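So the structure is just underneath, and the comments pick up after that.
Numbering (the working numbering), first residue to last: 5 to 257.
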């Protein structure tokens with residue numbers, strides 16, 4: 005569970021709802037189902053024009069990843085790679101075959117298995133980087149959907165407001181109802197701003213951060229595997245991979 009994302013989401017919603025409760029207007033004044041349908045439904049419909057249906061159907065899973073994510077411990081990954089390098093240095097590259105099942109990182113597993121099988125270094129690197137590129141494309145697509153939803157929601161909020169104003173101004177027979185009609189018309193703008201800035205845009209930014217962290221761990225895995233296959237010393241591999249860590253974490257190792 006990503007505590008920061010959960011607390012941020014609860015805090016954002018709580019502040020908005022709390023402000024509504026402290027205001028003079030009743031909570032029912034902020035509830036309008038047709039306006040919500042225009043904002044959320046319109047944003048999703050517009051996103052369907054931009055992306056394949058598969059990507060849209062995957063939005064709930066992508067949003068869940070923001071709350072339930074587990075970043076790989078890069079410091080621990082480096083330790084594992086250095087330990088594998090020590091084994092290869094001491095007993096030879098073929099000795100790693102017995103260690104591969106205990107390796108959790110899939111890229112390290114694939115790379116080491118190819119190296120043990122005698123694949124050329126350039127082939128190993130090409131396969132690993134192709135895998136990373138494919139994962140990066142999937143990440144960009146998921147973040148892209150959330151970005152577009154964040155852009156479309158305020159626009160459809162404005163569309164709903166304009167629709168409400170047109171309907172209100174088309175019947176001016178009762179001036180006393182203008183205020184209530186104006187309030188209802190503005191609700192869609194409010195919904196659009198809330199949905200975009202509480203959910204879609206923050207989630208998109210978090211997905212981008214998670215993607216960058218995952219790709220960094222993958223780069224460490226690739227460089228570690230290539231260094232092991234080339235026969236570099238464990239100390240040199242450790243020093244090379246430590247550069248991916250913040251200075252404070254390096255000094256703790």
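All C-beta atoms, glycine included, are put in the ideal place defined by N, C-alpha and C. Predicted model only: the values in this text are computed from it and were never measured.
What three-state label does DSSP hand residue 257 in the structure shown? Unreliable placement is indicated for residue 257, whose pLDDT of 43 sits below 50; no coordinate value is reported for it.
Note down, in chain order, each residue of its chain lying with its Cβ closer than 6 Å to the Cβ of residue 87, except the 5 sequence neighbours on either side. Closer than 6 Å at Cβ, skipping near neighbours: no residue.
Less than 8 Å between the C-beta atoms of residue 6 and residue 73, yes or no? Taking 8 Å as the Cβ cut-off, residue 6 and residue 73 qualify as a contacting pair.
Any chance you could list the beta strand (DSSP E) runs of at least 3 consecutive residues sitting entirely within the stretch 210-241, in chain order? Runs found: none.
Three-pair Cβ contact test at 8 Å for the stretch 213-222 versus the stretch 133-142: Verdict: yes, contact present.
Cut-off 6 Å between Cβ atoms - residues of its own chain near residue 39, not counting five sequence neighbours on either side: Result list for residue 39: 164, 191, 192 and 195, in chain order.
Beta carbon of residue 66, beta carbon of residue 202: below 8 Å? Going by C-beta atoms, residue 66 is not nearer than 8 Å to residue 202.
Nearest-angstrom Cα distance between residue 300 and residue 10? The shown model of the chain, from 5 to 257, leaves out residue 300, and the question about it has no answer.
Using the Cβ count rule (16 or more neighbours within 10 Å means buried), how would you classify residue 49? Around the C-beta of residue 49, fewer than 16 other C-beta atoms lie within 10 Å, and the residue is accordingly described as exposed.
When we look at the beta-carbon of residue 127 and count the other beta-carbons within 10 Å, is it buried (16 or more) or exposed? Counting Cβ neighbours within 10 Å, residue 127 comes out exposed, since fewer than 16 surround it.
Using the Cβ count rule (16 or more neighbours within 10 Å means buried), how would you classify residue 188? Result: buried.
Under a three-way DSSP split, which group does residue 83 fall into? The answer is helix: DSSP assigns residue 83 an H, G or I state.
When you compare only the Cα positions, how much space is there between residue 233 and residue 113? If I take the Cα positions, the gap works out to 13 Å.
N- and C-terminal bounds of the alpha helix (DSSP H) containing residue 129: Start and end: 125-173.
Helix, strand or coil at residue 197 [DSSP, three-state]: In the structure shown, residue 197 falls within a helical segment according to DSSP collapsed to helix, strand and coil.
Buried or exposed: which applies to residue 75, given that a residue is buried once 16 or more other Cβ atoms fall within 10 Å of its Cβ? Exposed, by the Cβ-count rule.
For residue 114, does the three-state DSSP call read helix, strand or coil? Residue state, collapsed to three classes: helix.
Find the nearest neighbour of residue 34 within the set 24, 41, 43 and 42, judged by alpha-carbon distance. Checked all of 24, 41, 43 and 42; the closest Cα to residue 34 is 24.
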